Amino acid sequence: MPTVSSQDVLALAPVAILALGGIALLLSEVFLTSGKRGYQAFLTVLFAATAGLTAFGATPGKVFAGQATADAFSAFVTITVSFGLALAALVSASWLDARGAERGEFYALSLFAASGMSLLGMASDLLVAFVAIEIMSLSTYALAAWMRRGKKPAEAAFKYFILGAFSSALLLYGTSLVFGATGSTLLSDVARGPLQAGGSALLSAGLVLVAAGLAFKVAAVPFHVWTPDVYEGAPTPVTAFMAAGVKTAAFAILARTVLAAYAATGGAADSAFPRVLAVLALLTMLVGNLFAVPQRSVKRMLAYSSIAHAGYLLLGVLAAGLPAVRERALSGVLFYLASYTASAIGAFAVVGALESNGQPGDEPADAWDLERLAGLSRRRPLLAFAMTVFMLSLAGVPPTAGFVAKLLVFQAAVGAQYLALAVVGVLTSALGAYYYLRVVVYMYMRPAAEGEPAGVTSPVLSVALAVAVAAVVVLGIGSEPVASLARAAAAVVR
Amino acid sequence: MADRAELWIFLLFAIPLVIAAAGVVAARNPVNAAMSLVAAFFFLAGIYVLLVAHLVAFLQILVYAGAIMVVFLFVIMLLQLHDQDMQDAKLKAMQWGGIIGASGVLTVVALAIQQAGEIHWKAVPESFGTVKAVGMLLFTQYLLPFEATSLLLLVAIVGAVVVAKQRI
Amino acid sequence: MTISANWYLLLAAVLFCFGLVGVVSRRNILVVFMCVELMLNAANLTFLTFARQQGTMNGHAIAFFVIAVAAAEAAVGLAIVIAVFRTRGTLWMDEVSTLKN
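Written out as structure tokens, the structure reads:
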């Protein structure tokens, strides 16, 4: 009979710290005596930092009979998620405070979501992955519905919920077929292939359904339709956290699942699975970038850009199928996730700072229009500079983090002989530069409209933006420490 | 005669189950859909008993048909919904799309099941599917998902309160 | 003659596809949600069938978790339904949508 050892419990420490942090934040609301809630964001940052540090020092190994794996990979995911959580908490603090909607429950739900994400990074069993996805998703559904006074958050939450529940059902039914074919839900058993020769079709059908369910979570085309509406409708700091955290965690489990699927279906070359994934990556890169071009709303543009980035990440996961370049490709994906976390949260933070300060959800249709950024360089030079850095990083211009990330992923794709896809990736990135740089042009070369408000900033937001800018620049110039961490993380995943 | 008993019992539950499931999809009124779903859950519990899953069959009725569906009906009553016509060209297109997509999935899965050949049963021990046996499994091999589920339920409570609260 | 597992698996596949049709074609949020529940039950039936077929009880434990997850999902989902109804006064998807290109 399997028993629980202290190693099992210790390996889960980051997940437990984040969950306990959530409970602490819930209780803080009970014992609150004054209306001041400024400390709540700092508590959240503290818990995130502790969880990240704990993940650093975890002893590697499989725990709970192989259902979870504590290794450099899961540590990298936890650290990235915790970094994103800390940034998002600081951004939320100023955004919510300006609207009188700061509550302990908000941070508690963010912490619960992060603990689900961290567990997802460790999961090496489809059932654990399912439960972890649900922890992450239920928290983000509730966060998306925060401030329901307006119509948009409720609608965003509802769309997110219906499609999220649907994708979970796909994932679960796929898991049940995989369970039937292999007799287990452990990814290590799935990788061994079907129990009987006749079960291979059952296994393939199951794996395709699992992949489809996960494709919803990473917003890959054609499972992306919810993304623009949900990203636009949700409160901006929540969108920032969703874009960065959910993507990181979902790609972590997707990478582990795809590698198991490759092994189960007998190598990368001769099965249909890589081809399906290649089509998915191609469509996602194309659709994400093409639909981002005509968007006037910066928030919606960033939503489509998030789809486009999912395409580049899928390309990296696809390349990881070839054992020779696996380490390079996976480390590229991990580095990409870290760089996207910093850039996307930063960009959404600036968008949030410029939003009108009235009733959220009842803003005019042009609440996030490009015009609101016009002349920002004169009104708020530092904010404009930060936004420029984030846009350059998202576009993949050196010397920012986004450039190194794209370079790593495309190199891996070329190494895995996906030349055509890599070319499409470079070309769509060039297209992406157009709509990212348009934002910069508006900020620096267009005069501001009369009576345009300066937007809200607070010391907390400034700190968050400074950290994000620093992360983007440091990851771009001195990428080696993080890149070597990512390589170490990628090396342990088989 | 006795050999055929399982087939008859299977059909006794399966046919009403399929009809009830069709009722959920086709019902015009949400209340009818919910009642069909309750019926479907009951027949499904019967099938579970055939599969020697007594505990899950019990939970199916207690939690699913009992608790979850009562909440559904409660919300329907609370919101005072009334049925509406669905005679919309775009809707028709979506319905056909759904039917075609679903029949595609059904074909693929059915072919996969077919290819797996006649899948026969293994002998099961006396204690199969009992509370004790499943409980042992839950607290040993499935301890991690069990604990994760406890966190999930906490998240659900907080989330539901936050979302349904009047004002934030 | 005991019937083979294929019958049960096919029944589950049929249930899953009914749910799929419902999710895509129904416009009432509550009914769509019920169809998702139908899909989860199809997955449960498949788990239990394979558990019986392989003679292991792992499928039973998994079905237990699925029921718990469904309950959690229902709690948050119905809260969101109530929130949508409060702001819109309707549960019809097309009338709910204002977010467009």
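Chains A, B and C supply the protein sequences, listed in that same order. Be aware that the first sequence starts at 24, since it is given in the working numbering, and climbs by one per residue. Be aware that the second sequence starts at 7, since it is given in the working numbering, and climbs by one per residue. Be aware that the third sequence starts at 2, since it is given in the working numbering, and climbs by one per residue. Beta carbons are placed, not taken as given, at the ideal position from N, Cα and C, and that holds for glycine. These numbers were taken from a predicted model, which means no experiment stands behind them.
Coarse secondary structure for residue i, derived from DSSP in three states
i, result
"residue 35 (chain B)", "coil"
"residue 128 (chain B)", "coil"
"residue 59 (chain A)", "coil"
"residue 92 (chain C)", "coil"
"residue 46 (chain C)", "helix"
"residue 94 (chain A)", "coil"
"residue 85 (chain A)", "strand"
"residue 320 (chain A)", "strand"
"residue 146 (chain A)", "strand"
"residue 35 (chain A)", "coil"
"residue 209 (chain A)", "strand"
Below-8 Å beta-carbon distance, residue i vs any chain B residue
i, result
"residue 33 (chain C)", "no"
"residue 30 (chain A)", "no"
"residue 89 (chain C)", "no"
"residue 58 (chain C)", "yes"
"residue 87 (chain A)", "yes"
"residue 44 (chain C)", "no"
"residue 25 (chain C)", "yes"
"residue 378 (chain A)", "no"
"residue 131 (chain A)", "yes"
"residue 202 (chain A)", "no"
"residue 161 (chain A)", "yes"
Cα-Cα separation, residue i to residue j
i, j, result
"residue 58 (chain A)", "residue 260 (chain A)", "22 Å"
"residue 188 (chain A)", "residue 237 (chain A)", "12 Å"
"residue 80 (chain B)", "residue 258 (chain A)", "29 Å"
"residue 136 (chain A)", "residue 267 (chain A)", "12 Å"
"residue 183 (chain A)", "residue 366 (chain A)", "23 Å"
"residue 147 (chain B)", "residue 177 (chain A)", "39 Å"
"residue 131 (chain A)", "residue 206 (chain A)", "38 Å"
"residue 345 (chain A)", "residue 129 (chain B)", "41 Å"
"residue 384 (chain A)", "residue 26 (chain A)", "In this prediction, residue 384 (chain A) has a pLDDT of 48, which is less than 50 and means its spatial position is unreliable; what the coordinates show is noted afterwards. Each residue's alpha carbon lies about 51 Å from the other."
"residue 151 (chain A)", "residue 157 (chain B)", "13 Å"
"residue 91 (chain A)", "residue 269 (chain A)", "19 Å"
"residue 35 (chain C)", "residue 472 (chain A)", "49 Å"
"residue 21 (chain B)", "residue 105 (chain B)", "20 Å"
"residue 287 (chain A)", "residue 143 (chain A)", "21 Å"
"residue 332 (chain A)", "residue 362 (chain A)", "11 Å"
"residue 513 (chain A)", "residue 81 (chain C)", "39 Å"
Proximity test, residue i beta-carbon vs the ligand HEM heavy atom, cut-off 7 Å
i, result
"residue 21 (chain B)", "Looking at this structure, you won't find the ligand HEM or any other ligand, since it has none at all."
Pick from the options that is closest to residue i, judged by C-alpha positions
i, options, result
"residue 320 (chain A)", "A:458, A:418 and A:286", "A:458"
"residue 36 (chain A)", "A:93, A:69 and A:126", "A:93"
"residue 429 (chain A)", "A:440, A:242, A:205 and A:417", "A:417"
"residue 74 (chain C)", "A:103, A:66, A:185 and A:338", "A:185"
"residue 306 (chain A)", "A:89, A:451 and A:91", "A:451"
"residue 61 (chain A)", "A:120, A:421, A:78 and A:103", "A:120"
"residue 511 (chain A)", "A:295, A:467 and A:356", "A:356"
"residue 124 (chain B)", "A:219, A:32, A:441 and A:44", "A:219"
"residue 141 (chain A)", "A:80, A:504, A:276 and A:126", "A:276"
"residue 347 (chain A)", "A:51, A:437 and A:496", "A:437"
"residue 83 (chain B)", "B:56, B:136, B:46 and B:41", "B:41"
"residue 241 (chain A)", "A:272, A:53 and A:225", "A:272"
"residue 233 (chain A)", "A:221, A:249, A:404 and A:213", "A:213"
Min CB distance residue i to chain C below 8 Å
i, result
"residue 128 (chain A)", "no"
"residue 132 (chain B)", "no"
"residue 214 (chain A)", "no"
"residue 164 (chain A)", "yes"
"residue 357 (chain A)", "no"
"residue 269 (chain A)", "no"
"residue 394 (chain A)", "no"
Residue-level contact to chain A via CB, residue i, 8 Å cutoff
i, result
"residue 68 (chain C)", "no"
"residue 72 (chain C)", "no"
"residue 77 (chain C)", "yes"
Nearest-angstrom beta carbon gap, residue j and residue i [assumed within contact, 8 Å]
i, j, result
"residue 310 (chain A)", "residue 244 (chain A)", "4 Å"
"residue 50 (chain B)", "residue 46 (chain C)", "7 Å"
"residue 66 (chain A)", "residue 47 (chain A)", "7 Å"
"residue 62 (chain C)", "residue 18 (chain B)", "Between residue 18 (chain B) and residue 62 (chain C) the Cβ distance is about 28 Å, and since that is not below 8 Å, they are no contact."
is_contact[residue i, chain E] using C-beta, thresh 8 Å
i, result
"residue 123 (chain B)", "The question asks about chain E, but that chain is absent: this structure's protein chains are A, B and C."
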